Amino acid sequence: MKARFVLRASTPWWRGPLLVGAAALLTILISAIMIRWAGGAPIPAVRYMFISPLQSRFGFTESLLSATPLVFTGAAVAIAFRAGYWNIGAEGQLLAGTIGATWVGLHAESLPRIVGVPLILLAGMLFGALWALTPALLRTRLGIDEVVTTLLLNPVALLIITGLLNGPWRNSESGFPDSDVIADSTKLWIVWPNTRVHFGLALGVVVIGLCWWFVGKMSGGLKLRAVGLAPNAARIAGLPVERTLLITALASGGIAGLGGASEIAGVAHQLTTGISNNFGYTGVIVATLAALSFVGALLVALMFGVITVGSFSASRALEIPSQIGQLVQAVLLITVVCALVIQKYRVVWTIKRSEGRK
Amino acid sequence: MNSVEGVVIASRGGAPSIYLRNITKAYGETIALSDVSLDLRAGEVHALLGENGAGKTTLMKILYGLSQPDSGQIEADGVALKIESPRDARAAGIGMVTQHFSLVKNMTVIENIALASAKTFAIDLARVRAEIVSASTRFGLDVPPDAIVSSLPISLQQRVEILKALMSGCSYLILDEPTAVLGPNDIDSLLEVIRRLRSDAGIGIVLISHKMAEIEKVADRVSVLRRGQVVSSSLANGITSKELVTLMVGEQQSGAEQRQRSASPSQSQSPILVLESVGVTREAGGLSDVSFAVRPGEILGIAGVSGNGQTELVNVLSGTTQIDSGTIVVEGRQLGSNTPQSLMRAGVGILGEDRHASAVHALQVVENLILDCVEKFAGKLQLRRKEMLSHCESAITQFEIKANPKQAFGTLSGGNMQKVLLARLFSRNPKVAIISQPTRGLDVMATNYVRSLIAQASKQSTAVVLVSEDLDEILELADRVAVMYRGSVVGIVDHSEASRESIGELMAGIAK
Ligand SMILES: Nc1ncnc2c1ncn2[C@@H]1O[C@H](COP(=O)(O)OP(=O)(O)OP(=O)(O)O)[C@@H](O)[C@H]1O
Ligand SMILES: [Mg+2]
Chain C
136 MKARFVLRAS TPWWRGPLLV GAAALLTILI SAIMIRWAGG APIPAVRYMF
186 ISPLQSRFGF TESLLSATPL VFTGAAVAIA FRAGYWNIGA EGQLLAGTIG
236 ATWVGLHAES LPRIVGVPLI LLAGMLFGAL WALTPALLRT RLGIDEVVTT
286 LLLNPVALLI ITGLLNGPWR NSESGFPDSD VIADSTKLWI VWPNTRVHFG
336 LALGVVVIGL CWWFVGKMSG GLKLRAVGLA PNAARIAGLP VERTLLITAL
386 ASGGIAGLGG ASEIAGVAHQ LTTGISNNFG YTGVIVATLA ALSFVGALLV
436 ALMFGVITVG SFSASRALEI PSQIGQLVQA VLLITVVCAL VIQKYRVVWT
486 IKRSEGRK
Chain B
461 MNSVEGVVIA SRGGAPSIYL RNITKAYGET IALSDVSLDL RAGEVHALLG
511 ENGAGKTTLM KILYGLSQPD SGQIEADGVA LKIESPRDAR AAGIGMVTQH
561 FSLVKNMTVI ENIALASAKT FAIDLARVRA EIVSASTRFG LDVPPDAIVS
611 SLPISLQQRV EILKALMSGC SYLILDEPTA VLGPNDIDSL LEVIRRLRSD
661 AGIGIVLISH KMAEIEKVAD RVSVLRRGQV VSSSLANGIT SKELVTLMVG
711 EQQSGAEQRQ RSASPSQSQS PILVLESVGV TREAGGLSDV SFAVRPGEIL
761 GIAGVSGNGQ TELVNVLSGT TQIDSGTIVV EGRQLGSNTP QSLMRAGVGI
811 LGEDRHASAV HALQVVENLI LDCVEKFAGK LQLRRKEMLS HCESAITQFE
861 IKANPKQAFG TLSGGNMQKV LLARLFSRNP KVAIISQPTR GLDVMATNYV
911 RSLIAQASKQ STAVVLVSED LDEILELADR VAVMYRGSVV GIVDHSEASR
961 ESIGELMAGI AK
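Quick mapping for you: the protein sequence lines, in order, are chains C and B.
Just so you know, the numbering used here puts 427 at position 292 of the first sequence, and the rest follows in order with no gaps.
Just so you know, the numbering used here puts 917 at position 457 of the second sequence, and the rest follows in order with no gaps.
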């Protein structure tokens, strides 16, 4: 038997969701096998991981909270990739955003909240965009590949944070390398009373909506897509390719930085070296799983939130490693990429028969 | 035929043949082929004709395993063939040179051919070289074995492709519009190669072309496709070009009208585009000291053997190549730098020679059509989709494009891609239109239509720079002809004095 991939002529709208559903089922199946291997009981584990976070109010709202930064980084990566700008630096840009946000947060004592909150968010966005500026200039001016430069700047951002926390921002009470708590006037509103779900999530949804509208409906979005799909053709049509890339890179960095500010002002309220749980890198996975669609990125981010919370409770209850959550995400990446291939290509199985040669 | 070791049922007429039987293929709602049957014979040149979008490429892709039919089958000497990939096709002795070459550009000729014919892990380059040399003398296909492919002119790259197919042992060779990318001299030598392959090596050749003259010269058998159906298949000597054209397009005829030149081609007006000693420094293939001026309503033809700087000149005028010396003046204003945007803003529009590079294949036809004037359709909050679509629909009607506005550009037939790009150029009413190889790959009707469009544009006082390898096209349309040789303009001839001979001498670098 031989498999062959044939490009599909057309794709009905339901095929995508159907395939993603199938990929999710397959992922659960494969995860169950892995959990078995790790010595846990697969069925309760799957239930803990995918279902129980959705059954309790606490589980659900904690999932939303975990999803929040991924909404930002997923959108940041998706918009950059759509323009053909391979930004692998959302991690560093998010971290830069946390620096900017903390800086405002530590100096905004006497402001009213209605000023403090926009200020802290703006600072995060600005620092994120600034962190994205150097690789973007190197790419658009000198043609230096942005994959390497954006990636290499990620640990640099973390080092700067470590330096700040061991220097000027060392905690004034404990002396530990954690910053002081930011001013109340810069803390985000809680949007779901008596939970930790904060204004950042709403903001993330708005960002997703804006990205979707811009890329799909506005003239700038059409230019962005054209530049991403065929830069030379875009250039011949007179589109400002370099400028489009530069602006997209800055927007991408700004969105990631905004995600960083949302973490500081929304939940952490102070800067720590562990402020980002690989949110930027996970954003690449989120965007890829969503096939670079923004609404898809939102859904994937929410699902990842559920899996993150679920894998913690599964590991606590069943004594299996909590890394199982990352494992599930990785398996999901593989199955969904397969699903995306199948969405584009038809697989034709052929059985070698000898009749053909009578 | 190396793969058909089985029992051979008596083939008709003695010579081995391939039969395509009742092939049907639809793409969504477009029926590209419906119930097409065709016979190919060894030692015969089978010309395949048809309008743009008639289904020629689709049919040949099916034969070569690049695409699968919805129904129908392929037989060789009465034996059903399963062709599911180009590999299967090659095993069955079928080779194809597609319009877009599949060579590895940064490798040498030897390495490319070795890649295609390698059956073992270790490649013996010395042996491959010997084989190339013997094959190229046998078929009259001279190629420099050690040259890097990207350094070769397109005509030689094409020879490498043909040689590659022949050396993998094919007995049928499909050539999809091979002459569309060639200049007149190269066409003649390709036709000679085709004759030799047929007569000396007994190879069956499928030749797709839009040019009647070529068909007359080499075809033994001619089949005509119209809207996905074979409307005629007969021996070439029993049918005239005129009959063929009628078969292709049906009864509707729009003969080529001669361009009416105004008595004094706007000598009074001042030039709108002036190039003054423009130079591009290159180790090979640059430009030096190119100067000319074009007036509104004038068509300046640029003639020359391909590879003498025409491509570079077009790149300069589209802004993709920066000039190193000289000046470009549009409407009396000197351009600071020749970027695509500054040229476009100055009113210069462009149709590049490579239509694949000029459009975004994954975007829709409508999106490609407005790509150079996106702002015009920008509403406050979103693109005005409805206006875009109606603009596109009127372009489709006006330019007789076989396409759906929402179809991906990449799925159009070659000729229809060209028409979309022409529509894009002319719908912005450029003051200066730089048009390169406008009728390359277009069918007879479309060619006439495009030429009349160019004439029309000049009547509305657009200045046209027409770069073409088709000398007849230049002689028909141009008011003056500039001839390029080794990166310079070696002469500008008024159309009243321009003839094949006078231009030909300049092109060869003889006259001064
Ligand atoms: N992948 C595809 N998806 C949708 N439609 C397609 C696809 N490929 C070809 N078509 C359509 O099939 C028809 C036949 O196309 P084909 O390329 O065979 O034409 P052709 O005869 O080679 O024309 P040309 O002379 O312009 O090259 C066209 O209407 C084209 O738009
Ligand atoms: Mg074709």
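Note that the Cβ used here is the ideal one computed from N, Cα and C, for glycine as well.
Being a predicted model, the structure only gives us computed values, none of them experimental.
Margin query: Bridge partners for C:Trp484 per DSSP, in chain order?
Written below: Counting from one through the first sequence, the residue named residue 484 of chain C turns up at place 349. According to DSSP, which records beta bridges pairwise, C:Trp484 is partnered with C:Ala138.
Check: chain B partners of C:Gly373, CB-CB under 7 Å?
Finding: Sequence index remark: in the first sequence, residue 373 of chain C carries index 238 (1-based). Here the neighbours are Pro800, Gln801, Met804, Asp832.
Check: Looking at the structure shown, is B:Lys836 part of a helix, part of a strand, or coil, going by DSSP?
Finding: To locate residue 836 of chain B, count along the second sequence from 1; it is residue 376. Residue state, collapsed to three classes: helix.
Checklist line | B:Asn768 beta carbon less than 8 Å from that of B:Arg946 | finding: Within the second sequence, numbered from 1, the residue matching residue 946 of chain B stands at position 486. Within the second sequence, numbered from 1, the residue matching residue 768 of chain B stands at position 308. Yes; because the gap between Cβ atoms is below 8 Å, this pair is in contact.
Note to self: Applying the 10 Å Cβ sphere with the 16-neighbour rule, what's the burial state of B:Gln617?
What the structure shows: Walking along the second sequence from the start, residue 617 of chain B turns up at place 157. The residue is buried, with at least 16 neighbouring Cβ atoms inside 10 Å.
Next item on the list: Look at the alpha carbon of B:Gly643 and the alpha carbon of B:Lys671, and state the distance between them as a whole number of angstroms.
Entry: Taking the second sequence and counting its residues from 1, the one referred to as residue 643 of chain B is at position 183. Taking the second sequence and counting its residues from 1, the one referred to as residue 671 of chain B is at position 211. Distance between the alpha carbons of B:Gly643 and B:Lys671 is about 13 Å.
Note to self: Considering only DSSP beta bridges, list what B:Thr568 is partnered with.
What the structure shows: Working through the second sequence from its first residue, we reach residue 568 of chain B at position 108. B:Ile608, per the DSSP bridge assignment.
Notebook entry, point to check: Counting only beta-carbon atoms, is B:Val927 nearer than 8 Å to chain C?
Noted result: Position 467 of the second sequence, counting from 1, holds the residue named residue 927 of chain B. No - not a single Cβ of chain C is within 8 Å of the one on B:Val927.
Notebook entry, point to check: Got a sec: which bits of the stretch 357–369 of chain C sit with their beta carbon under 8 Å from any beta carbon on chain B, in order along the chain?
Noted result: Under the 8 Å Cβ criterion, the stretch 357–369 of chain C contributes Leu357, Lys358, Arg360, Ala361, Leu364, Ala365, Asn367, Ala368, Ala369.
Check: Opposite B:Ile895 in the DSSP bridges: which residues?
Finding: Within the second sequence, residue 895 of chain B is the residue found at index 435, counting from 1. B:Ile895 is bridged to B:Leu811, B:Leu926.
Next item on the list: Whole angstroms is fine: what's the gap from C:Arg248's alpha carbon to C:Arg192's?
Entry: Indexing the first sequence from 1 puts residue 248 of chain C at position 113. Indexing the first sequence from 1 puts residue 192 of chain C at position 57. Distance between the alpha carbons of C:Arg248 and C:Arg192 is about 28 Å.
Notebook entry, point to check: First and last residue of the alpha helix (DSSP H) that includes B:Val705?
Noted result: Along the second sequence, read from residue 1 onward, the residue named residue 705 of chain B stands at position 245. Its alpha helix (DSSP H) spans residues 701–709.
Notebook entry, point to check: Listing by chain order, which chain B residues have their CB less than 7 Å from the CB of C:Lys352?
Noted result: As a working note, residue 352 of chain C is residue 217 in the first sequence. Residues of chain B with a Cβ closer than 7 Å to the Cβ of C:Lys352 are, in chain order, Gln842, Leu843.
Note to self: Quick check on this structure: which residue in C:Gly194, C:Met353, C:Ala173 has the alpha carbon closest to the alpha carbon of B:Arg845?
What the structure shows: The residue given as residue 845 of chain B occupies position 385 in the second sequence. Answer by Cα proximity: C:Met353.
Next item on the list: Would you mind reading off the limits of the alpha helix (DSSP H) that contains B:Asn645?
Entry: On the second sequence, position 185 is the one that residue 645 of chain B refers to. Note, B:Asn645: alpha helix (DSSP H), 644–661.
Check: Which word fits C:Ile186, buried or exposed, when buried means at least 16 other C-beta atoms lie within 10 angstroms of its C-beta?
Finding: Numbered from 1 along the first sequence, position 51 holds the residue referred to as residue 186 of chain C. By the 10 Å Cβ count, C:Ile186 comes out exposed.
Note to self: Can you list, in chain order, the residues of its chain with a C-beta nearer than 7 Å to that of B:Ser870? Leave out the 5 residues immediately preceding and following it.
What the structure shows: By 1-based counting over the second sequence, the position of residue 870 of chain B is 410. Per the sequence presented here, residue 870 of chain B reads as Gly, with Ser not at that position. Once the five neighbours on either side are set aside, the close Cβ partners of B:Gly870 are His821, Ala822.
Notebook entry, point to check: Which residues mark the beginning and the end of the beta strand (DSSP E) in which C:Lys322 is found?
Noted result: Locating residue 322 of chain C in the first sequence gives position 187, where the first residue counts as 1. Looking at the DSSP string, C:Lys322 is not in any beta strand (DSSP E), and its letter there is neither H nor E.
Next item on the list: Decide if B:Ile570 is buried, meaning its Cβ has at least 16 other Cβ atoms within 10 Å, or exposed.
Entry: Looking up residue 570 of chain B in the second sequence gives position 110. Label assigned to B:Ile570: buried.
Check: Given a threshold of 16 other Cβ atoms within 10 Å of its Cβ, counted over all protein chains shown, does B:Gly473 qualify as buried or as exposed?
Finding: By one-based count along the second sequence, residue 473 of chain B stands at place 13. Summary for B:Gly473: the model assigns pLDDT 45, below 50, so the residue's position carries little reliability, and this model does not support an answer.
Item checked: Enclosing beta strand (DSSP E) for B:Gln729 [first to last residue] -> The residue you call residue 729 of chain B lines up with position 269 of the second sequence. First-last for B:Gln729: undefined, no H or E at that position.
Checklist line | B:Lys702: CB within 7 Å of a non-hydrogen atom of ligand 2 | finding: Start at 1 with the first residue of the second sequence, and residue 702 of chain B comes out as number 242. Incorrect: B:Lys702 has no Cβ contact closer than 7 Å to ligand 2.
Next item on the list: Enumerate in chain order the residues of its own chain whose CB-to-CB distance from B:Ile963 is below 7 Å, with the five nearest sequence positions on each side excluded.
Entry: Taking the first residue of the second sequence as 1, we reach residue 963 of chain B at position 503. Here the set comprises Ala763, Leu931, Val941, Val943, Val953.
Check: Would you say the beta carbon of B:Thr558 comes nearer than 7 Å to a heavy atom of ligand 3?
Finding: Annotation note on ligand 3: not contained in the displayed structure, which lists ligand 1 and ligand 2 as its ligands.
Checklist line | Contact list for the stretch 606–637 of chain B against chain C, Cβ threshold 9 Å | finding: none
Notebook entry, point to check: Are the CB atoms of C:Gln458 and C:Leu154 nearer to each other than 8 Å?
Noted result: Walking along the first sequence from the start, residue 458 of chain C turns up at place 323. Walking along the first sequence from the start, residue 154 of chain C turns up at place 19. No.
Next item on the list: Figure out for me which residue from B:Leu913, B:Ser737, B:Val949, B:Ser562 has the closest Cα to the Cα of B:Val620.
Entry: Indexing the second sequence from 1 puts residue 620 of chain B at position 160. B:Val620 has its Cα closest to that of B:Ser562, out of B:Leu913, B:Ser737, B:Val949, B:Ser562.
Notebook entry, point to check: What does B:Glu835 touch in chain C if you count any residue whose Cβ is under 7 Å from its own?
Noted result: Within the second sequence, the letter at position 375 stands for residue 835 of chain B. Those are Ser354, listed as they occur along chain C.
Margin query: Against chain C, with Cβ distances strictly below 8 Å, would B:Leu823 count as a contact?
Written below: As a first step, residue 823 of chain B is located in the second sequence; it is residue number 363 there, counting from the start. For B:Leu823, the answer is yes, since a Cβ of chain C falls inside 8 Å of its Cβ.
Item checked: Proximity of C:Ala426 and C:Gly235 at Cβ, strictly below 8 Å -> For this step, residue 426 of chain C is matched to residue 291 along the first sequence. For this step, residue 235 of chain C is matched to residue 100 along the first sequence. No, the Cβ-Cβ distance between C:Ala426 and C:Gly235 is not below 8 Å.
Item checked: B:Lys485 - containing beta strand (DSSP E), residue span -> Translated into positions along the second sequence, residue 485 of chain B becomes position 25. That run of the beta strand (DSSP E) goes 477–487.
Note to self: Quick test of your reading: B:Ile654 and B:Ile665, contact by CB under 8 Å. State the CB separation rounded to the nearest angstrom.
What the structure shows: Taking the second sequence and counting its residues from 1, one reaches residue 654 of chain B at position 194. Taking the second sequence and counting its residues from 1, one reaches residue 665 of chain B at position 205. Confirmed, about 6 Å.
Item checked: Segment contact flag, the stretch 361–374 of chain C with the stretch 448–463 of chain C, C-beta cutoff 8 Å, min 3 pairs -> no
Next item on the list: For C:His333, write down the residues that DSSP places opposite it in a beta bridge.
Entry: Mapped onto the first sequence, residue 333 of chain C falls at position 198. The partner list for C:His333 (beta bridge, DSSP) reads C:Ile325.
Next item on the list: Measuring only between beta-carbons, confirm whether B:Gly532 sits less than 8 Å from chain C.
Entry: Counting from one through the second sequence, the residue named residue 532 of chain B turns up at place 72. False, the Cβ-Cβ gap to chain C never drops below 8 Å.
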